[in-house]
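Residue numbers (UniProt numbering): 1 to 411.
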């Protein structure tokens, strides 16, 4: 952001396109305004908040609020919970946008469908060693066409905005669902019930969601946060009479809010010394090596604690990987309230299966003859985030930069 700017081009003449009005988009807009630039935020929905704008009713923060706040805008004193719910988070985000006059910079219902670099051809871009050829964020050589479609008027021709820089703030948990591929005649097309993604379920309002699942046999597929929350909500709604089935291939470590509190309290400078880092040098490498037994002890203690407070062995829910490995991959999740209580009372059924396919009445798992009969299947299987981002670039070079990377986006 502090890159040198050509003296002949005042900052306010530099127009910046920010794609997405989630938390990162709002912070980016505020920062660029403070630096004297002219940002415009394109948001495909009719509200801010990103992933927080459409969640299921029971969604809460799984990070203590003191670690999930804007550095220059604290949580209001009225929010006393350590893990605020979705409505409290949305109120906080909106207050931030009002406080720093960000709404005036947002164009709602404006979906970016194409981004094109105007300054170079494909061959030249492939030879770059530095971003935008010069390495400067706001170099005068960087010009982009951002093609924007009005979501409310899809038949109208898209508008083209020419900008000096584009900042993508669209995250990885929205828009392009990851649905598994099935052999011919074994996919959702032969199923007589309803099949949706958790994204569509979260987009329903409270009444619609209740009507969609009430008194129905529901199967939720997946074992990450959205799958656990969705299964917990369905089992709470339907109870033992129509138990919800959670179908998954592999188990992940999940824990309580108290464990999260403890973990964050111990994320300090000393704990950083136990982790190997890029270009760390001999001294820091040696410290991380010598302190490695502490990492192992911490992981074993947490695993023993989780096995003690939850009936993991009883339901074959002990993961094959270590707790530490899951922490490193940023995939640890907080269990919904009363999750294993619902498993114990029979309103939630846990079913592990390496593979499955559809039949007319439900799902067939691991080549079993008898189908798992169900009325509704909800895929909580994540998103194709890299593919979604690469699809909006006109340049094949930029597509390859995103989809061909060995490092996952946003990691």
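The beta carbon of each residue, even a glycine, is placed where N, CA and C say it ideally should be.
Since we're looking at a predicted model, the values are computed, not measured.
Does any residue of chain D have a CB that is nearer than 8 Å to the CB of residue i?
{"i": "residue 363", "result": "This model lacks chain D altogether, as it is built from one protein chain only."}
How about residue i and residue j: do their beta carbons lie closer than 8 Å?
{"i": "residue 229", "j": "residue 82", "result": "no"}
{"i": "residue 21", "j": "residue 48", "result": "yes"}
{"i": "residue 42", "j": "residue 383", "result": "no"}
{"i": "residue 222", "j": "residue 377", "result": "no"}
{"i": "residue 146", "j": "residue 260", "result": "no"}
{"i": "residue 245", "j": "residue 374", "result": "yes"}
{"i": "residue 366", "j": "residue 354", "result": "yes"}
{"i": "residue 27", "j": "residue 392", "result": "no"}
{"i": "residue 357", "j": "residue 182", "result": "yes"}
{"i": "residue 467", "j": "residue 347", "result": "No answer is possible for residue 467: the residues shown for the chain start at 1 and end at 411."}
{"i": "residue 362", "j": "residue 306", "result": "no"}
{"i": "residue 144", "j": "residue 117", "result": "yes"}
{"i": "residue 93", "j": "residue 52", "result": "yes"}
{"i": "residue 387", "j": "residue 155", "result": "no"}
{"i": "residue 61", "j": "residue 40", "result": "no"}
{"i": "residue 63", "j": "residue 190", "result": "no"}
{"i": "residue 108", "j": "residue 45", "result": "yes"}
Alpha helix (DSSP H) containing residue i: first to last residue?
{"i": "residue 391", "result": "385 to 391"}
{"i": "residue 31", "result": "23 to 34"}
{"i": "residue 260", "result": "257 to 265"}
Output the boundary residues of the beta strand (DSSP E) element that contains residue i.
{"i": "residue 150", "result": "144 to 150"}
{"i": "residue 97", "result": "That residue, residue 97, is in no beta strand (DSSP E); its alpha helix (DSSP H) goes 86 to 99."}
{"i": "residue 111", "result": "110 to 117"}
{"i": "residue 38", "result": "38 to 42"}
{"i": "residue 357", "result": "356 to 358"}
{"i": "residue 245", "result": "244 to 248"}
{"i": "residue 173", "result": "That residue, residue 173, is in no beta strand (DSSP E); it is neither H nor E in DSSP."}
To the nearest angstrom, report how far apart residue i and residue j are at their CA atoms.
{"i": "residue 119", "j": "residue 74", "result": "42 Å"}
{"i": "residue 204", "j": "residue 56", "result": "8 Å"}
{"i": "residue 252", "j": "residue 217", "result": "25 Å"}
{"i": "residue 381", "j": "residue 197", "result": "8 Å"}
{"i": "residue 102", "j": "residue 115", "result": "23 Å"}
{"i": "residue 372", "j": "residue 187", "result": "14 Å"}
{"i": "residue 277", "j": "residue 285", "result": "8 Å"}
{"i": "residue 295", "j": "residue 330", "result": "16 Å"}
{"i": "residue 165", "j": "residue 379", "result": "36 Å"}
{"i": "residue 77", "j": "residue 71", "result": "16 Å"}
{"i": "residue 400", "j": "residue 25", "result": "24 Å"}
{"i": "residue 242", "j": "residue 232", "result": "13 Å"}
{"i": "residue 199", "j": "residue 313", "result": "31 Å"}
{"i": "residue 338", "j": "residue 96", "result": "33 Å"}
{"i": "residue 262", "j": "residue 54", "result": "29 Å"}
{"i": "residue 319", "j": "residue 368", "result": "23 Å"}
{"i": "residue 336", "j": "residue 159", "result": "44 Å"}
{"i": "residue 257", "j": "residue 157", "result": "49 Å"}
{"i": "residue 227", "j": "residue 208", "result": "19 Å"}
{"i": "residue 364", "j": "residue 297", "result": "41 Å"}
{"i": "residue 212", "j": "residue 402", "result": "37 Å"}
{"i": "residue 326", "j": "residue 288", "result": "19 Å"}
Between residue i and the rest of its own chain, which residues show a CB-CB distance below 7 Å, the 5 nearest in sequence each way excluded?
{"i": "residue 311", "result": "340"}
{"i": "residue 30", "result": "100, 102"}
{"i": "residue 299", "result": "322, 323, 324"}
{"i": "residue 210", "result": "237"}
{"i": "residue 315", "result": "343, 350"}
{"i": "residue 178", "result": "381, 382, 383, 384"}
{"i": "residue 23", "result": "50, 93"}
{"i": "residue 142", "result": "119, 132, 164, 165"}
Go ahead and label residue i buried or exposed: buried means 16 or more other beta carbons lie within 10 angstroms of its beta carbon, across all protein chains shown.
{"i": "residue 67", "result": "exposed"}
{"i": "residue 202", "result": "buried"}
{"i": "residue 264", "result": "exposed"}
{"i": "residue 396", "result": "exposed"}
{"i": "residue 234", "result": "buried"}
{"i": "residue 250", "result": "exposed"}
{"i": "residue 50", "result": "buried"}
{"i": "residue 370", "result": "exposed"}
{"i": "residue 87", "result": "exposed"}
{"i": "residue 283", "result": "exposed"}
{"i": "residue 281", "result": "exposed"}
{"i": "residue 214", "result": "exposed"}
{"i": "residue 104", "result": "exposed"}
{"i": "residue 302", "result": "buried"}
{"i": "residue 225", "result": "buried"}
{"i": "residue 180", "result": "exposed"}
{"i": "residue 8", "result": "Because the pLDDT of residue 8 is 46, which lies under 50, any placement of that residue in the model is unreliable, and the number read from its coordinates should be weighed accordingly. By the 10 Å Cβ count, residue 8 comes out exposed."}
{"i": "residue 332", "result": "buried"}
In chain order, what residues of the same chain have a beta carbon less than 6 Å from the beta carbon of residue i, not counting five sequence neighbours either side?
{"i": "residue 110", "result": "42, 148"}
Which residues in the same chain have their Cβ closer than 8 Å to the Cβ of residue i, if we skip the five residues on either side of it in sequence?
{"i": "residue 291", "result": "273, 274"}
{"i": "residue 65", "result": "75, 79, 81, 82, 83, 84"}
{"i": "residue 410", "result": "Confidence at residue 410 is low in this model, with a pLDDT of 45, below 50, so its placement is unreliable and the value that follows should be read with caution. The answer, listed in chain order, is 171, 172, 385."}
{"i": "residue 1", "result": "Summary for residue 1: the model assigns pLDDT 43, below 50, so the residue's position carries little reliability; its value from the coordinates is reported in the next sentence. Taken in chain order, the residues that qualify are 31, 32, 35, 137."}
{"i": "residue 168", "result": "19, 20, 389"}
{"i": "residue 293", "result": "none"}
Less than 7 Å separating the Cβ of residue i from some heavy atom of the ligand MG?
{"i": "residue 398", "result": "The ligand MG is absent from the structure shown, which contains no ligands of any kind."}
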